[in-house]
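Comments concern the structure below.
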Amino acid sequence: GESVGLHLPTLSVQEGDNSIINCAYSNSASDYFIWYKQESGKGPQFIIDIRSNMDKRQGQRVTVLLNKTVKHLSLQIAATQPGDSAVYFCAAPRISGSRLTFGEGTQLTVNP
Amino acid sequence: DTEVTQTPKHLVMGMTNKKSLKCEQHMGHRAMYWYKQKAKKPPELMFVYSYEKLSINESVPSRFSPECPNSSLLNLHLHALQPEDSALYLCASSRIRGRGTGELFFGEGSRLTVL
């Protein structure tokens, strides 16, 4: 089955720096990945997604990179702000499109 | 503000109580989900409804009973819960796509404490 995991449970950065959050997956057949942000006391919020026919996708201040060779994806946040402090989850559908499996999450802390 | 509304935000119940969690969305989504999230853990899928019919039950104990009265509402009925069922229960909705669910819209959750 699908396994989605993150490399580091916590990440601390200075305000204004760039942040990189990593995620590894086990199923080479996975063709769709999503990043979610969960702030304290709130539900997860969609950030960006990427399909396996792409290596890179950019959003507003965020970029997701997908390396299918090593089954790794990353979320890059440019000019990190205090409002970016949250837990970040990568997720991928498992078995069927409706079974979205979340990785363990990385707690990002932005220091002023 | 989230477009998925969950009530109540907090619920404390005894092991013999019967209670319900409610979820509502008006985005026209025909897929709705219940997830369970323990502290410092990722959300875990419990149930999926597609077109108001239960399509996925992730081997959830029968003390949790989902219900989808219409395309906008999703309930989770709780009966004879255990203290280990204490968690944040998240409702989500999405469009139904041919392949992959795409973006899930989550509510803010109902935090359940079972005494």
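Heads up: the sequence lines are chains C and F, in that order.
The numbering used here puts the first residue of the first sequence at 15, with every later residue one more than the last.
The numbering used here puts the first residue of the second sequence at 222, with every later residue one more than the last.
By construction, the Cβ of each residue, glycine as well, lies at the ideal position given by its N, Cα and C atoms.
Which residues DSSP lists as bridging residue i, in chain order
{"i": "Asp-3(C)", "result": "Residue 3(C) is absent from the structure shown; chain C starts at 15 and stops at 126."}
{"i": "Thr-334(F)", "result": "Val-233(F)"}
{"i": "Thr-83(C)", "result": "Note: Thr-83(C) sits in no beta bridge, so no partner."}
{"i": "Gln-258(F)", "result": "Leu-309(F)"}
{"i": "Gln-121(C)", "result": "Thr-24(C) and Val-101(C)"}
{"i": "Gln-227(F)", "result": "Cys-244(F)"}
{"i": "Asn-41(C)", "result": "According to DSSP, Asn-41(C) bridges with nothing at all."}
{"i": "Ile-317(F)", "result": "According to DSSP, Ile-317(F) bridges with nothing at all."}
{"i": "Asn-296(F)", "result": "Lys-243(F) and Glu-288(F)"}
{"i": "Pro-126(C)", "result": "Partner(s): none; Pro-126(C) has no beta bridge."}
Residue i (DSSP reduced to helix, strand or coil)
{"i": "Glu-53(C)", "result": "coil"}
{"i": "Pro-287(F)", "result": "strand"}
{"i": "Pro-263(F)", "result": "coil"}
{"i": "Glu-329(F)", "result": "coil"}
{"i": "Pro-96(C)", "result": "helix"}
{"i": "Glu-305(F)", "result": "helix"}
{"i": "His-247(F)", "result": "coil"}
{"i": "Tyr-272(F)", "result": "coil"}
{"i": "Met-253(F)", "result": "strand"}
{"i": "Ile-35(C)", "result": "strand"}
{"i": "Pro-282(F)", "result": "coil"}
{"i": "Arg-71(C)", "result": "strand"}
{"i": "Pro-58(C)", "result": "coil"}
Same chain only: Cβ atoms within 7 angstroms of residue i, ignoring 5 sequence neighbours per side
{"i": "Asp-45(C)", "result": "Arg-65 and Ser-66"}
{"i": "Val-124(C)", "result": "Val-27, Glu-29, Thr-94, Gln-95, Pro-96, Asp-98 and Ser-99"}
{"i": "Ser-292(F)", "result": "Arg-251 and Glu-273"}
{"i": "Glu-288(F)", "result": "Asn-296 and His-298"}
{"i": "Ile-317(F)", "result": "Arg-251, Ala-252 and Ser-271"}
Within chain D, partners of residue i - CB distance below 8 angstroms
{"i": "Glu-118(C)", "result": "Among the protein chains of the structure shown, namely C and F, there is no chain D."}
Sequence-distant residues of the same chain with beta carbon closer than 6 angstroms to residue i, five excluded per side
{"i": "Phe-116(C)", "result": "Phe-103 and Ala-105"}
{"i": "Leu-79(C)", "result": "Lys-70 and Ser-88"}
{"i": "Asp-306(F)", "result": "Val-335"}
{"i": "Pro-304(F)", "result": "Val-335"}
{"i": "Tyr-254(F)", "result": "Val-269 and Ala-313"}
Buried/exposed call for residue i, threshold 16 Cβ in 10 Å
{"i": "Ala-260(F)", "result": "exposed"}
{"i": "Leu-84(C)", "result": "First, the residue type needs correcting, since residue 84(C) is Val and not Leu in the sequence shown. Exposed is the call here."}
{"i": "Val-225(F)", "result": "buried"}
{"i": "Gln-227(F)", "result": "buried"}
{"i": "Pro-263(F)", "result": "buried"}
{"i": "Pro-290(F)", "result": "exposed"}
{"i": "Thr-120(C)", "result": "buried"}
{"i": "Thr-237(F)", "result": "exposed"}
{"i": "Gly-321(F)", "result": "Caution applies to Gly-321(F), whose pLDDT of 49 falls short of 50 and renders its modelled position unreliable; the model cannot decide the point."}
{"i": "Ser-33(C)", "result": "buried"}
{"i": "Gln-258(F)", "result": "buried"}
Identity of the residue in the options nearest residue i by Cα
{"i": "Ile-91(C)", "options": "Leu-122(C), Ala-43(C), Arg-113(C) and Ala-38(C)", "result": "Leu-122(C)"}
{"i": "Ile-62(C)", "options": "Arg-332(F), Met-234(F), Glu-324(F) and Lys-230(F)", "result": "Glu-324(F)"}
{"i": "Asn-41(C)", "options": "Val-101(C), His-86(C), Gly-119(C) and Pro-126(C)", "result": "His-86(C)"}
{"i": "Cys-244(F)", "options": "Ser-307(F), Tyr-256(F) and Val-335(F)", "result": "Tyr-256(F)"}
{"i": "His-231(F)", "options": "Thr-24(C), Pro-126(C), Gly-55(C) and Leu-25(C)", "result": "Gly-55(C)"}
{"i": "Asn-36(C)", "options": "Gly-73(C), Phe-47(C) and Leu-22(C)", "result": "Leu-22(C)"}
{"i": "Pro-126(C)", "options": "Thr-24(C), Asp-31(C) and Val-18(C)", "result": "Asp-31(C)"}
{"i": "Leu-275(F)", "options": "Ser-286(F), Leu-311(F) and Leu-302(F)", "result": "Ser-286(F)"}
Sequence-distant residues of the same chain with beta carbon closer than 8 angstroms to residue i, five excluded per side
{"i": "Phe-326(F)", "result": "Thr-223, Glu-224, Val-225, Gln-246, Met-248, His-250, Ala-313, Ser-314 and Ser-315"}
{"i": "Gln-59(C)", "result": "Tyr-50, Lys-51, Gln-52 and Glu-53"}
{"i": "Met-234(F)", "result": "Lys-240, Leu-299, Leu-302, Leu-333, Thr-334, Val-335 and Leu-336"}
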